[in-house]
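Participant:
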Amino acid sequence: MPRGVFLDYVDPWVNWTWLSTHIPLFVAAVEQHLTLTVIAVAGGLAISMPLGIAAHRWRSLRNPVLAFFDVVYTIPSLALFALLVPYTGLGVVTAEIGLIGYTVLILVRNLLVGLESVAPDVLDAADGMGYRPLARLFRVELPLALPAIFAGVRIATVTTIGLVTITALIGLGGLGQLIERGLIENFHTPLVVATVLSIALALVADLLLVGAQRLAVPWSRGAAS
Amino acid sequence: MSVISLVVQWFADPAHWSGPDGIPQRLVEHVEISAASVAIGAAIALPIGIALGHYGRFGNVAINISNVGRALPSFGVLVIAFQVLGLGNLPILVALVALAIPPMVTNSYVGLSEVDPDVKEAARGMGYRELAQLLRVELPLAVPLVMAGIRTSAVQVVATATLAALIAGGGFGRYIIDGFAQQDYTKLAAGAVLVAALAMATELSLSALERVLVPRGIRLQRAPVARRATTFKTA
Chain A
60 MPRGVFLDYV
70 DPWVNWTWLS
80 THIPLFVAAV
90 EQHLTLTVIA
100 VAGGLAISMP
110 LGIAAHRWRS
120 LRNPVLAFFD
130 VVYTIPSLAL
140 FALLVPYTGL
150 GVVTAEIGLI
160 GYTVLILVRN
170 LLVGLESVAP
180 DVLDAADGMG
190 YRPLARLFRV
200 ELPLALPAIF
210 AGVRIATVTT
220 IGLVTITALI
230 GLGGLGQLIE
240 RGLIENFHTP
250 LVVATVLSIA
260 LALVADLLLV
270 GAQRLAVPWS
280 RGAAS
Chain B
50 MSVISLVVQW
60 FADPAHWSGP
70 DGIPQRLVEH
80 VEISAASVAI
90 GAAIALPIGI
100 ALGHYGRFGN
110 VAINISNVGR
120 ALPSFGVLVI
130 AFQVLGLGNL
140 PILVALVALA
150 IPPMVTNSYV
160 GLSEVDPDVK
170 EAARGMGYRE
180 LAQLLRVELP
190 LAVPLVMAGI
200 RTSAVQVVAT
210 ATLAALIAGG
220 GFGRYIIDGF
230 AQQDYTKLAA
240 GAVLVAALAM
250 ATELSLSALE
260 RVLVPRGIRL
270 QRAPVARRAT
280 TFKTA
């Protein structure tokens, strides 16, 4: 079928000329993406560390804490953002309440797995050496739980990098903004490049965390779950 | 008036319970596309995960597929599928199937590979052939994790199907996306309630199904908090 001269333009998957003149756009998007991710994982750690330790210390807290965050985790992110918008508006607060809520489940669960896997003999030995409960926690139990904690941080980070794209719908999004732009303008380049960058960010972050784990916990070799 | 009473009023309005944009129709759309995606995904993922777990091969691949799946931004995958395949249910189905596969492969692999070698040997000793051993001994023992994979995928597919409204799909996501577009926060919140309720209902009904399918002999050993080999969230 012959095509008209002017209708012949086919949008390529990546328009390199456009891309080369719009690099700052992608840099800004990656910056926002990383900021949102770091806040979510750091906030998640700040909440889940004391919460997980408390749930480990007081066993009756364990199942209610896990059950509550399991429910939060089950709520689709778009629904959670939408439920929060009437109260916290469009923006960072709404996004982070959701993202932090999701990381807490992953981090608490892994912290508990780590603390529960410390051998009773080790605890006995620590007690025998005269460790007080708090010192035992910080000098024996938490270091032994580090591989599981790291595994949790890796999963939380990769998951959050994927979820940040959805915050485009509440005016943020990082790379998700460019995915949305590609959708609205029917323009492949921002869509494809942003999706690939989001996957790449997740994989690079995961590798960096593996590296950090090797340095911080040289006796563990990739305990992922 | 408070958001909550507005949402209650929205649900009480009979106009929202009929027609092409009514709750029943949107529910059918949402469940149909989700169920189809999980079924197709299971038909692809379970044989792979079960075979890898049975033979104890390529464990790294089976575990890492979830790591890779987690890194896929569901929003981007949906929009790319839309650009490749055009309007309609096909792009949504393709994207949802792709996101449904990883947790099912990983969980069924872990379930099968964790079957006690002594039990397998006993099955051999009792004269089970390989296929009978797999179907009558290993699979029943792996039911909790195989079902955990299906449950995890199903909840994520229901969640991701919400985003399908962005590429002109139906389902409860319509209320959220249209609510945002029209700045109708009541509709937005009502849609969010419906989506969250559907995700919970999916989790609960599949947990109930799992309880029925788990052989009586291993029910007592189960941990109080349902176990899964991977946490997985794409939307």
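Residue numbers (my numbering), protein chains in the order written: chain A, 60 to 284; chain B, 50 to 284.
C-beta: ideal position from N, C-alpha, C; glycine also.
Could you name the residues of chain A that P122(B) contacts, counting a contact when the two beta carbons are closer than 9 Å?
Facilitator: I220, G221, L222, V223, T224, I225, L234, G235, I238, A253, T254, S257, I258, A261, listed in chain order.
Participant: Anything in the region 112-133 of chain A with a Cβ closer than 9 Å to a Cβ of chain B? List those residues in chain order, please.
Facilitator: Against chain B - using a Cβ distance shorter than 9 Å - the residues of the region 112-133 of chain A are R121, N122, L125, A126, D129, V130, Y132, T133.
Participant: Does Q132(B) get closer than 8 Å to chain A when you measure Cβ to Cβ?
Facilitator: So yes, Q132(B) belongs to the interface.
Participant: Identify the contact partners of Y234(B) in chain A, using a Cβ-Cβ distance below 9 Å as the criterion.
Facilitator: What Y234(B) touches in chain A: A141, V144, P145.
Participant: Only counting the same chain, and skipping five residues up and downstream in sequence, which positions put a Cβ closer than 7 Å to that of S86(B)?
Facilitator: Counting only Cβ-Cβ distances below 7 Å, and skipping sequence neighbours, we find L142, L145, V146, A149, V206.
Participant: Whether or not the region 52-69 of chain B and the region 230-245 of chain A are in contact is what I'm after, with contact meaning three or more pairs of Cβ atoms, one per stretch, closer than 8 Å; do they touch?
Facilitator: As far as the Cβ criterion goes, the region 230-245 of chain A does not touch the region 52-69 of chain B, which means the pair count is below three.
Participant: Quick check on I114(B) - is its C-beta less than 8 Å from some C-beta in chain A?
Facilitator: No - not a single Cβ of chain A is within 8 Å of the one on I114(B).
Participant: Compute the beta-carbon to beta-carbon distance between T155(B) and G222(B), rounded to the nearest angstrom, for a pair I have assumed lies under 8 Å.
Facilitator: Not really, about 27 Å apart at Cβ, beyond 8 Å.
Participant: For L93(A) and L262(A), I'd like the C-alpha separation in whole angstroms.
Facilitator: Their Cα atoms are separated by approximately 13 Å.
Participant: Hey, how far is the Cα of F60(B) from the Cα of A246(B)?
Facilitator: In a straight line, the C-alpha of F60(B) is about 14 Å away from that of A246(B).
Participant: Any beta carbon of chain A sitting closer than 8 Å to that of L237(B)?
Facilitator: It does; some Cβ of chain A falls within 8 Å.
Participant: Hey, how far is the Cα of R185(B) from the Cα of L193(A)?
Facilitator: Approximately 50 Å between the Cα atoms of the pair.
Participant: Using the Cα positions of P71(A) and G118(B), report the straight-line distance between them to the nearest angstrom.
Facilitator: Distance between the alpha carbons of P71(A) and G118(B): 26 Å.
Participant: So for G63(A), helix, strand or coil by DSSP?
Facilitator: Legend: pLDDT at G63(A) = 49, less than 50; position of this residue unreliable, value from coordinates given subsequently. DSSP places G63(A) in coil when its eight states are reduced to three.
Participant: What did DSSP end up calling V274(B) once you bin it into helix, strand or coil?
Facilitator: Only weak support exists for where V274(B) lies, its pLDDT of 43 falling under 50; the coordinates are left without a value.
Participant: Sort W75(A), Y161(A), M188(A) by Cα distance to A126(A) and report the nearest one.
Facilitator: Looking at the Cα atoms, Y161(A) is the closest of the given residues.
Participant: Quick check: what's the CA-CA separation for R173(B) versus E179(B)?
Facilitator: Their backbone Cα atoms lie some 8 Å apart in a straight line.
Participant: Could you give the residue range of the alpha helix (DSSP H) that holds W75(A)?
Facilitator: Per DSSP, W75(A) belongs to the alpha helix (DSSP H) from 75-80.
Participant: Taking the C-alpha atoms as reference points, what is the distance between A130(B) and N138(B)?
Facilitator: Looking at the two C-alpha atoms, the distance is approximately 10 Å.
Participant: Could you give the distance in angstroms between the alpha-carbon of S284(A) and the alpha-carbon of F281(B)?
Facilitator: Summary for S284(A): the model assigns pLDDT 46, below 50, so the residue's position carries little reliability; its value from the coordinates is reported in the next sentence. Cα to Cα, the separation comes out at about 11 Å.
Participant: I think T211(B) touches G220(B), with their Cβ atoms under 8 Å apart; what is that distance to the nearest whole Å?
Facilitator: Confirmed, about 7 Å.
Participant: To the nearest angstrom, report how far apart L262(B) and A184(A) are at their CA atoms.
Facilitator: Spanning the two alpha carbons is a distance of roughly 43 Å.
Participant: With a threshold of 8 Å on Cβ separation, who are the neighbours of L121(B) within its own chain once the five nearest residues in sequence on each side are excluded?
Facilitator: A147, L148, T283, listed in sequence order.
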